[in-house]
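Here the protein sequences come in this chain order: G and Z. Residue 60 is where the first sequence starts when you use the working numbering, and the numbers rise one by one after that. Residue 2 is where the second sequence starts when you use the working numbering, and the numbers rise one by one after that. Scroll down for the structure; my scribbles are underneath it.
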Amino acid sequence: MAETMTVNGSEHPIPDDPRVTLLDFLRHDLRLSGTKKGCDHGQCGACTVIVNGIRINSCLTLAAMHDGDHVTTIEGLGTPDAPSDLQRAFVEHDGYQCGYCTPGQICSATAMLEEIANGWPSDASNDLEGPVEPSGEEIRERMSGNLCRCGAYANIVAAIRDVAGEPKT
Amino acid sequence: MSAHLKQDKPDTANRLDQMKQGTIGQPITRVEGLAKVTGTAPYAAEYPVEGCVEGVLATATITRGQVVSVDRDSVMDMPGVIAVIEDPRMTTRAAQGTANEAPQQSPRTVCYWGQPVALVVAETFEQARDAAKHLRVEYREESDAPVDPQVVDAEEQEDETVRQGDLARAMSAAENAVDVTYTTKGHASAAMEPHAAIAQWDGRQLTVHASLQMLNYNITELADALDMEEDQVRIISRFVGGGFGSKLGLSEETVAAAIAAMELSRPVRVVLSRQQVFQCIMRRSETTQRLQLAADGEGRLAGFGHKALVSNLPGESFAEPVLQSSHFLYAAENRELMLEVARIHRMTAGSVRAPGEAVGMPTLEGAMDILAERAGIDPVELRLRNIPEEDPEEGLPFSSHKLAECLRQGADAFGWDAGPRKPRMTREGEWWIGTGMASAARVHNVGEAKARVTIKPDGTGLVETDMTDIGTGTYTILAQIAGEMLGLDPAQILVDLGDTQHPRGSGSGGSWGAASTGSAVYVACQALREEIANRVGIEETALDLADGRVIGGQTLVDLLGGKELAREGHYEPGAIAEDYTASGFGAFFAEVRVNHFTGETRVNRMLGAFGFGRVLNHKTARSQCLGGITWSIGAALTEALEFDPRTGHLVNCDLAEYHVPVHRDVPDVDVIMVEERDPVASPLQAKGIGELGMCGGAAAIGNAVYNACGARLFDYPMTPDRVLAAMPD
Ligand code: FES
Ligand code: FES
């Protein structure tokens, strides 16, 4: 049986050339160019997508490794007519400038808020057990793999906090 | 029809303030925002072009010499390989900003390690990348190419030299004197979108989707490189994933893609790898700077000296203009300024965000902190005492000057303690806590620009210019300027940018885009208003427009009667530039913590207060300031290009080794915008914003490091090893 992966709900055959990264497969073969290439080496986060619910750098993995996987890209999170809450918050808070890191930031933040909701601790957490609050420091720590050379960080954090809701502490 | 304005006199009419729409300055969200957050905004490499093949550049592995042969046979049998392009028209460096002519060509002559020498084209990216790696190139290397700026004789940049009075005498007579030498490491723009181009050739017309900042210059540069007429060339850059100087001038991938497309009669895409972006576009030069300050007992400067050594390749005109704001920031009768360039074979040095002040201000403001300490004067007060009445070298008036207000309002909002300052007053666990401040200054520039504004029969607006939006907010502020002038909601105005088929804007660079192209839009709208007033039968100055109608009168739709109305605006800087010194000013305040044992510095909070004329959109303007402050953090603490001392090759050529600030490095940042109207800066009364936020901010952090832990550093960036070495016991 041909190997396939599901991207934003539709199924696609895995490419023949084993060198094709998931990033290039999305950007080039599927023309889902919302996922960006900033470094191709796992150093910038611009290529972040959500695979089976977990955020990953799509440049660091080969398309051939994703038989049967479910991939969500920025195009799968919302559209100009129906943006997600985070997408809307990024616009409202000016959480971008050039916009090139933005899809990666939003995909990353989408999955990151799930991680917080599931109580995954980070370097910024006070406690390894128990609930984690989406504080500014938690968000900054967890988003540090998504570089923004325009320096929109303060606004990106404000947008994410807006959606996460104010932490109790 | 076109209207022209050459600004020879200050414009104190402040026409925008008399308009009735009320959109100018408002913090409206970006008009292209939804496209960016949903991934539907197309950047250069992302246009779906049928039959497009992929090119990857092969780059030199020697420092200086000749390419003897490029062995096509070494790769032509590899799967998918279509061609190896070697052409004397290919460019080997990026053009400097506003060069308006082709940069260095002839790839057979190698001038730096990493220079492009050939392009390999294949059916797929993977095939082209593989083949480019395997391409065998033979060189004849010339040995002993100088790569260290300290070992060659430097050339004085004579037009930068100032000798006024007697600095040596002022220094020896000074009650408080500071004579210190700083170094700063090179910086990379590191825009998140790598340089990219897709070229298409239909036999007559070349169309290139590229990622460039200044299309009006880039089209001339590209036509010159290819020996074509400009009307045969079209460049499109609707979205640019950051530039910061690196995309001012035509870059190598664009020319290579164009040549390949014409040779193969197929569309060709060339995207630089991140390593190539680092190694063959632009670096900010490293600098060595000597600062001399001679002050009396009250801290008033009698003498001011600033000498800087920078570097570049032989034949490059650009020299990091380190002294740019030093010429006018502080009063002092006795002045000596000098800039020297060492010619070495590292990659091209050119513009990186805020060329000059980005490295000149942090050293000057570090020296001012030392002077404040020696004189026992609060650092804010010391700056206030030395603000000149007029340009201390040229004797010209300032166009406007908000340094004092920025210092005062910033200090107030930050909670600056003007009491006696001593290092090591606060410790929390392993961390020393301290504060620091610095002035900000960045010269204001404007350039010639054209734009066409149309009111459509349905009463909507259209703005067309080849101006770019590199993340600065151009799409939005041009809609606001036109909306304010024509009485239209900005949502009713389509702004069409980044296409050389439109009237030529100024391009984005040197923080001049908004003031220059915005003025062209303003001039076009002014002409449209005159025509509308004419139709209504009143004076233009009596015409009040809002929400698509003459207030209390007809709608624009009725006035147009089914026909569109268009005017082209042409703005030119005039004689006024000779009569005034124009600059943005500001002040930075920072609180840091420094780890006593590791030397790590973290910024706890930071504030910037800036005066840059009229604010066109408070939201996007604030974002520009945030961006600049973020860069200040990088320049202060982490960003440093490292070169191999043997070959001059840039070693830390990726985002893992060149450390730009990440989320956790950037704390909550406060921005205060001190509103003003600068009648000289532009008919909008607006000045540049994008660069001011990093012109001195690194010194606020460095000065806070000293105040925190007592380590006085003279080398940027202040990495932990350096802080530890300077840390008192
Ligand atoms: S492109 Fe994948 S992390 Fe940079
Ligand atoms: S918005 Fe430009 S890199 Fe983040």
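We treat Cβ as the ideally placed atom computed from N, Cα and C, and that holds for glycine.
Report task. Counting only the same chain and skipping the five closest in sequence on each side, list residues whose C-beta sits under 6 Å from that of glutamate 450 of chain Z. Result -> Position 449 of the second sequence, counting from 1, holds the residue named residue 450 of chain Z. In the sequence as displayed, the identity of residue 450 of chain Z is alanine instead of glutamate. Here the set comprises Gly506, Ser507, Ser517, Thr518, Ala521, Tyr572.
Query - Nearest residue (CA-CA) to proline 43 of chain Z, options Z/Gly554, Z/Cys407, Z/Glu33 - result: On the second sequence, residue 43 of chain Z is found 42 positions in, with the first residue counted as 1. Checked all of Z/Gly554, Z/Cys407, Z/Glu33; the closest Cα to proline 43 of chain Z is Z/Glu33.
Query raised in the report: Does DSSP put threonine 228 of chain G in a helix, a strand or coil?
Result: Start at 1 with the first residue of the first sequence, and residue 228 of chain G comes out as number 169. Residue placement at threonine 228 of chain G is poorly supported in this model, since its pLDDT is 42, which falls under 50; the coordinates are not used for a value here.
Report task. Starting from the C-beta of threonine 13 of chain Z, find all residues in its chain whose C-beta is less than 7 Å away, skip the five residues before and the five after it, and write them out in chain order. Result -> Position 12 of the second sequence, counting from 1, holds the residue named residue 13 of chain Z. Taken in chain order, the residues that qualify are Pro680.
Report task. At 8 Å on the CB atoms, spell out the chain Z contacts of glutamate 45 of chain G, in chain order. Result -> The displayed coordinates of chain G run from 60 to 228. Any statement about residue 45 of chain G would go beyond what the structure contains.
Query raised in the report: DSSP three-state call for threonine 582 of chain Z: helix, strand or coil?
Result: The residue given as residue 582 of chain Z occupies position 581 in the second sequence. DSSP places threonine 582 of chain Z in strand when its eight states are reduced to three.
Requested in this report: Mind checking which residues open and close the alpha helix (DSSP H) that includes threonine 221 of chain Z?
Outcome: Counting from one through the second sequence, the residue named residue 221 of chain Z turns up at place 220. Per DSSP, threonine 221 of chain Z belongs to the alpha helix (DSSP H) from 216 to 227.
Query raised in the report: Smallest Cα separation from aspartate 78 of chain Z: which of Z/Glu358, Z/His307, Z/Val121?
Result: On the second sequence, position 77 is the one that residue 78 of chain Z refers to. Here the closest residue by C-alpha is Z/Val121.
Report task. Determine which residues share a DSSP beta bridge with glycine 304 of chain Z and list them. Result -> For the purposes of this step, residue 304 of chain Z is taken as the residue at position 303 of the second sequence. Partner(s): Z/Ala295, Z/Asn335.
Report task. For asparagine 704 of chain Z, collect the residues of the same chain with a Cβ closer than 6 Å to its Cβ; drop the 5 residues on either side in sequence, then sort them by chain order. Result -> On the second sequence, position 703 is the one that residue 704 of chain Z refers to. Around asparagine 704 of chain Z: Asp370, Gly437.
Query raised in the report: So, helix, strand or coil for alanine 452 of chain Z, using DSSP?
Result: The sequence position of residue 452 of chain Z within the second sequence is 451, counting from 1. In this structure, alanine 452 of chain Z counts as strand in the three-state DSSP scheme.
Query - Buried versus exposed, by CB contacts within 10 Å (16 or more), glycine 698 of chain Z - result: The residue given as residue 698 of chain Z occupies position 697 in the second sequence. Flag for glycine 698 of chain Z reads buried.
Query raised in the report: Touch check for the segment 224 to 243 of chain Z and the segment 272 to 279 of chain Z: three-plus C-beta pairs under 8 Å?
Result: no
Query - Cutoff 7 Å: aspartate 88 of chain G Cβ touching any chain Z Cβ - result: Stepping through the first sequence from its first residue, residue 88 of chain G is reached at position 29. By this cut-off, aspartate 88 of chain G is not an interface position.
Query raised in the report: What number of angstroms, rounded off, separates the C-alpha of valine 496 of chain Z from the C-alpha of valine 381 of chain Z?
Result: Reading the second sequence from its first residue, position 495 is the one you call residue 496 of chain Z. Reading the second sequence from its first residue, position 380 is the one you call residue 381 of chain Z. If I take the Cα positions, the gap works out to 43 Å.
Query raised in the report: Quick one: does the C-beta of aspartate 74 of chain Z sit closer than 6 Å to a heavy atom of ligand 1?
Result: As a working note, residue 74 of chain Z is residue 73 in the second sequence. No; taking the cut-off as 6 Å, the Cβ of aspartate 74 of chain Z has no heavy atom of ligand 1 nearer than that.
Query raised in the report: Excluding five sequence neighbours on each side, which residues of the same chain lie with their C-beta closer than 7 Å to the C-beta of valine 675 of chain Z?
Result: As a working note, residue 675 of chain Z is residue 674 in the second sequence. Cβ within range, chain order: Lys403, Glu406, Cys407, Gln410, Ala610, Phe611, Gly612.
**Report entry** Interface positions of the segment 190 to 216 of chain G facing chain Z (Cβ-Cβ less than 9 Å), listed along the chain
**Finding:** Gly195, Glu196, Ile198, Arg199, Glu200, Arg201, Met202, Ser203, Gly204, Asn205, Leu206, Cys207, Arg208, Cys209, Gly210, Ala211, Tyr212, Ala213, Asn214, Ile215, Val216
Requested in this report: Could you please give me the residues that DSSP links to histidine 571 of chain Z through a beta bridge?
Outcome: Against the second sequence, residue 571 of chain Z aligns to sequence position 570. DSSP output for histidine 571 of chain Z lists Z/His5, Z/Lys451 as bridge partner(s).
Query raised in the report: Should threonine 228 of chain G be labelled buried (16 or more other beta-carbon atoms within 10 Å of its own) or exposed?
Result: Locating residue 228 of chain G in the first sequence gives position 169, counting from the first residue. Per-residue confidence for threonine 228 of chain G stands at a pLDDT of 42, beneath the threshold of 50, marking its modelled position as unreliable; the derived number appears in the next sentence. By the neighbour-count rule (16 or more Cβ atoms within 10 Å), threonine 228 of chain G is not buried but exposed.
Query raised in the report: Out of curiosity, what's the CA-to-CA distance linking threonine 120 of chain G and valine 551 of chain Z?
Result: Indexing the first sequence from 1 puts residue 120 of chain G at position 61. Indexing the second sequence from 1 puts residue 551 of chain Z at position 550. Distance between the alpha carbons of threonine 120 of chain G and valine 551 of chain Z: 60 Å.
Query raised in the report: Should alanine 442 of chain Z and cysteine 696 of chain Z be called a contact, given that it needs their Cβ atoms to be closer than 7 Å?
Result: Counting from 1 along the second sequence, the entry for residue 442 of chain Z is found at position 441. Counting from 1 along the second sequence, the entry for residue 696 of chain Z is found at position 695. For alanine 442 of chain Z and cysteine 696 of chain Z, yes; Cβs fall inside 7 Å.
Requested in this report: Please classify isoleucine 630 of chain Z: does DSSP put it in a helix, a strand, or coil?
Outcome: Sequence index remark: in the second sequence, residue 630 of chain Z carries index 629 (1-based). Three-state result, isoleucine 630 of chain Z: helix.
Query raised in the report: Ordered along the chain, which non-local residues of its own chain (more than five positions away) have a Cβ less than 6 Å from that of glutamate 176 of chain Z?
Result: Against the second sequence, residue 176 of chain Z aligns to sequence position 175. Answer for glutamate 176 of chain Z: Asp297, Gly298, listed in chain order.
Report task. Look at the alpha carbon of alanine 171 of chain Z and the alpha carbon of leucine 292 of chain Z, and state the distance between them as a whole number of angstroms. Result -> Here residue 171 of chain Z is taken as the residue at index 170 of the second sequence, counted from 1. Here residue 292 of chain Z is taken as the residue at index 291 of the second sequence, counted from 1. Going by the C-alpha atoms only, they are around 14 Å apart.
**Report entry** First through last residue of the alpha helix (DSSP H) which encompasses phenylalanine 611 of chain Z
**Finding:** The residue labelled residue 611 of chain Z in the question sits at position 610 within the second sequence. First-last for phenylalanine 611 of chain Z: 602 to 612, but that is the beta strand (DSSP E), not the alpha helix (DSSP H).
Requested in this report: Using a Cβ cut-off of 7 Å (strictly closer), state whether glutamate 47 of chain Z contacts chain G.
Outcome: By 1-based counting over the second sequence, the position of residue 47 of chain Z is 46. Judged by the 7 Å Cβ criterion, glutamate 47 of chain Z is in contact with chain G.
Query - Assumed close pair alanine 61 of chain Z, valine 118 of chain Z - CB separation to whole angstroms, cut-off 8 Å - result: Position 60 of the second sequence, counted from the first residue, corresponds to residue 61 of chain Z. Position 117 of the second sequence, counted from the first residue, corresponds to residue 118 of chain Z. That belief holds up - the Cβ atoms of alanine 61 of chain Z and valine 118 of chain Z are roughly 5 Å apart, short of 8 Å.
Requested in this report: Give the range of the alpha helix (DSSP H) segment to which methionine 348 of chain Z is assigned.
Outcome: As a first step, residue 348 of chain Z must be located in the second sequence, where it is residue number 347. Looking at the DSSP string, methionine 348 of chain Z is not in any alpha helix (DSSP H), and its letter there is neither H nor E.
**Report entry** Backbone CA spacing between glutamine 156 of chain G and glutamate 139 of chain Z [nearest angstrom]
**Finding:** The residue given as residue 156 of chain G occupies position 97 in the first sequence. The residue given as residue 139 of chain Z occupies position 138 in the second sequence. Cα to Cα, the separation comes out at about 44 Å.
Query - Where arginine 239 of chain Z falls: helix, strand or coil (DSSP) - result: As a first step, residue 239 of chain Z must be located in the second sequence, where it is residue number 238. Here arginine 239 of chain Z sits in coil by DSSP.
Query raised in the report: Which one or two residues does DSSP pair with alanine 637 of chain Z in a beta bridge?
Result: Here residue 637 of chain Z refers to the residue found at position 636 of the second sequence. Answer is none; alanine 637 of chain Z lacks a bridge partner.
Query raised in the report: glutamate 139 of chain Z touches chain G at which residues, Cβ-Cβ below 7 Å?
Result: Locating residue 139 of chain Z in the second sequence gives position 138, counting from the first residue. Those do not exist, as glutamate 139 of chain Z stays about 28 Å from chain G at its closest Cβ, beyond 7 Å.
Query raised in the report: Along the chain, where does the alpha helix (DSSP H) that runs through isoleucine 388 of chain Z open and close?
Result: Your numbering for residue 388 of chain Z matches position 387 in the second sequence. Neither: isoleucine 388 of chain Z is in no alpha helix (DSSP H) and is coded neither H nor E.
Query - Separation of glutamate 173 of chain G from aspartate 9 of chain Z, as counted between CA atoms - result: In the second sequence, counting from the first residue as 1, residue 9 of chain Z sits at position 8. In the first sequence, counting from the first residue as 1, residue 173 of chain G sits at position 114. Roughly 59 Å between the two C-alpha positions.
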